[in-house]
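Participant:
See below:
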């Protein structure tokens with residue numbers, strides 16, 4: 013019998029929480045006992061914040077990789093054509109750029125803190141003002 017579902021991450025998107033609640037029932041302890049025992053449904057928990065740093069650092073890598081064309085450089089290295097002249101005008105630096113973040117929850121805020129190490133302007137849009145957001 014399933015008693016508990018632990019989601020490793022923030023949120024319950026993949027879990028039907030209502031169905032878990034409805035799994036509770038009332039049953040007698042024994043024939044001689046008048047009192048009934050309520051068995052709660054399946055307990056559901058999550059680990060908010062567990063993936064914030066991992067997701068934010070991966071996002072930072074992907075941003076830099078797109079600007080600097082890391083994947084193109086890796087492919088040319090693996091194919092043995094890395095000595096071929098590369099057009100540096102195709103790559104871009106983060107200096108002086110503006111980074112826009114949609115949603116400043118745990119992941120967005122951590123990403124903003126990591127990206128703040130670079131000389132770039134950081135702006136965000138969120139449903140409500142993030143009180144914990146510094147003025148970048």
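Numbering (the numbering used here), first residue to last: 13 to 148. Every residue, glycine too, gets a C-beta built ideally from N, C-alpha and C.
(1) Pull up the distance between the alpha-carbon of residue 125 and that of residue 28, whole angstroms please.
(2) Strictly by DSSP, which residues pair up with residue 18?
(3) Contact defined as beta carbons within less than 8 Å: I believe residue 53 pairs with residue 22. What is the distance between those atoms, to the nearest angstrom?
(4) For residue 24, report the span of its alpha helix (DSSP H) as first-last.
(5) Looking only at its own chain, which residues have a Cβ that is under 7 Å from the Cβ of residue 65, when we skip the five neighbours before and after it?
(6) For residue 2, name the three-state secondary structure that DSSP assigns.
(7) List the endpoints of the continuous alpha helix (DSSP H) containing residue 82.
(8) Examine the Cβ distances between the segment 85-96 and the segment 111-118 and report whether three or more of them are shorter than 8 Å.
(9) Secondary structure at residue 139, three-state DSSP: helix, strand or coil?
(10) With residue 115 as the anchor, note down where its beta strand (DSSP E) starts and where it stops.
(11) Using the DSSP secondary-structure output, state which residues sit across from residue 133 in a beta bridge.
(12) With distance defined between alpha-carbon atoms, name the residue in 35, 143, 68 nearest to residue 55.
(13) Quick one: residues in its chain with C-beta nearer than 7 Å to the C-beta of residue 127, no 5 flanking neighbours on either side, listed in chain order?
Facilitator: On the basis of the supplied data:
(1) Between residue 125 and residue 28, the C-alpha separation is close to 34 Å.
(2) Looking at the DSSP output, residue 18 shares a beta bridge with 57.
(3) Between residue 53 and residue 22 the beta-carbon gap is near 21 Å, outside 8 Å, which marks them as no contact.
(4) That residue, residue 24, is in no alpha helix (DSSP H); it is neither H nor E in DSSP.
(5) If we look at residue 65 and ignore the five residues flanking it on each side, its Cβ neighbours are 122.
(6) The first residue shown for the chain is 13 and the last is 148, placing residue 2 beyond what the model contains.
(7) Per DSSP, residue 82 belongs to the alpha helix (DSSP H) from 82-91.
(8) In the pairwise beta carbon analysis, the segment 85-96 is classified as not touching the segment 111-118: fewer than three pairs are separated by under 8 Å.
(9) Collapsing the DSSP output to three states places residue 139 in coil.
(10) Where residue 115 is concerned, there is no enclosing beta strand (DSSP E), given that its DSSP letter is neither H nor E.
(11) In the DSSP assignment, residue 133 forms a beta bridge with 110.
(12) Among 35, 143, 68, the Cα nearest to that of residue 55 is on 35.
(13) If we look at residue 127 and ignore the five residues flanking it on each side, its Cβ neighbours are 72, 111, 134.
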